[in-house]
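Take any residue in the sequence shown, note its place counting from 1, add 8, and you have its number in this note's numbering.
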Amino acid sequence: MNLNNHSERIIRNQLTELLTKASAHSAFDDAVKNIPFENLGKKPANLPYSIWKLAEHIRITQWDILEFSRDPNHQSPKWPEGYWPQEDAPANEKAWETSLKQIKNDLDEFIELINSSESDLYAPFPHGTGQNLLREAMLIADHTSYHTGQIIVVRRLLNDWE
9 MNLNNHSERI IRNQLTELLT KASAHSAFDD AVKNIPFENL GKKPANLPYS
59 IWKLAEHIRI TQWDILEFSR DPNHQSPKWP EGYWPQEDAP ANEKAWETSL
109 KQIKNDLDEF IELINSSESD LYAPFPHGTG QNLLREAMLI ADHTSYHTGQ
159 IIVVRRLLND WE
């Protein structure tokens, strides 16, 4: 697809905002702010996941999409078990902080990829089945938004959300 430079910049800016800002929903950073450590591993009644499991799932999936988008030799984890942590809670606060930092760093790297003048948003990846960078950006946004909502539900059920 051949768009003029102005239109291309608008699309790249809109994707960056979609991935980083709250619009019609809460942002991931807001959803995970100030969670008491002891709440990270709690699973409210009838829910199969904790905040830790959801955040780690976001981290693993976003990392996989980033690597798939930039490395034709990347091997994705086995579905579905490779995309979810085994443990309900982080081993310690450092593990939690490391996970959040990796989510941010991987997102920053993906945004750099989106905004690179060498990146074609529309060209299918030669190693995929029709995926392109535009689709993968929307996939990260959609996936993270969905699970961010689940984190907020867990926090509400734990009486930890205003």
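The C-beta atom is built at its ideal place from N, Cα and C for all residues, glycine as well.
In this text, all values refer to a predicted model and were calculated from it rather than measured experimentally.
Check, Outcome
"Supposed contact pair residue 140 and residue 129 - C-beta distance, whole angstroms, cut 8 Å", "7 Å"
"Alpha carbon of residue 79 to alpha carbon of residue 86, nearest angstrom", "17 Å"
"Where the alpha helix (DSSP H) through residue 157 begins and ends", "141-165"
"Segment limits, alpha helix (DSSP H) that includes residue 18", "13-28"
"Test item: CB-CB of residue 45 and residue 95 under 8 Å", "no"
"Closest residue to residue 68 among 111, 31, 103 and 165 (Cα-Cα distance)", "111"
"Selection from 82, 21, 48 and 104 that minimises the alpha carbon distance to residue 136", "82"
"DSSP state of residue 35 mapped onto helix, strand, coil", "coil"
"Spatial neighbours of residue 33 in its chain, beta-carbon cut-off 8 Å, leaving aside the 5 residues before and after", "153, 156 and 157"
"CB of residue 160 within 8 Å of CB of residue 39, strictly", "yes"
"Limits of the alpha helix (DSSP H) - the one that residue 69 falls within", "59-78"
"C-beta contact flag for residue 103 and residue 49 at 8 Å", "no"
"For residue 118, the first and last residue of its enclosing alpha helix (DSSP H)", "101-123"
"Separation of residue 109 from residue 170, as counted between CA atoms", "24 Å"
"Any C-beta of chain D under 8 Å from that of residue 54", "This model lacks chain D altogether, as it is built from one protein chain only."
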